[in-house]
Amino acid sequence: MNAVAQLFAGVAVLVHLLAFTWEVVLFERPGVHEGIFKIPSANLPATRLWSFNVGFYNLFLAAGPVLGLVLLHTGHVDAGQWLVRYGCAFMLLAGIALGVSDALALSRPRGAGRAGALAQAVPSLGALVAGLF
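Numbering (the numbering used here), first residue to last: 69 to 201.
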């Protein structure tokens, strides 16, 4: 797996670690739940469980490519490459799902998920495409 693919995979991991931090560690800060996620403070109690769960989902999702990169650099090339590819494919599909839900206005306000969808999908797509070369 070339360096460009590994770099994109690393960026995809960082995006998911940032999402974990926002959704679990900093979610109750108004700048996060209101500013980033567009969730009014009045709705905070109803969305906290969702946020906590999704945050750990993102953390566990980031673990796949991290482990893949570790395996790749410790002599387990095939297993490492496949784990990075699987994790990045999962991230890409999750980003597409977020983008579709935003386009269908399943989230309110419309457009709130567009940046997250792009942040989730683009680096993982970059890793998958760069990995072909």
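We put the beta carbon where it would ideally sit given N, CA and C, even for glycine.
Keep in mind that this is a model prediction, so the values were computed, not measured.
Cα-Cα separation, residue i to residue j
| i | j | result |
| --- | --- | --- |
| Pro98 | Ser169 | 24 Å |
| Val83 | Gln188 | 7 Å |
| Gly103 | Leu94 | 12 Å |
| Leu160 | His144 | 24 Å |
| Val81 | Phe120 | 18 Å |
| Val197 | Ala171 | 25 Å |
Per-residue burial, residue i [other beta carbons within 10 Å of its own, 16 or more giving buried]
| i | result |
| --- | --- |
| Pro113 | exposed |
| Glu96 | exposed |
| Pro191 | buried |
| Ser109 | exposed |
Rounded Cβ spacing between residue i and residue j (contact assumed at less than 8 Å)
| i | j | result |
| --- | --- | --- |
| Glu91 | Val134 | Contact flag wrong, Cβ pair sits at about 18 Å. |
Report the start-end ranges of each alpha helix (DSSP H) in the segment 127 to 179 that is 4 residues or longer and not cut off at the edges. 145 to 171
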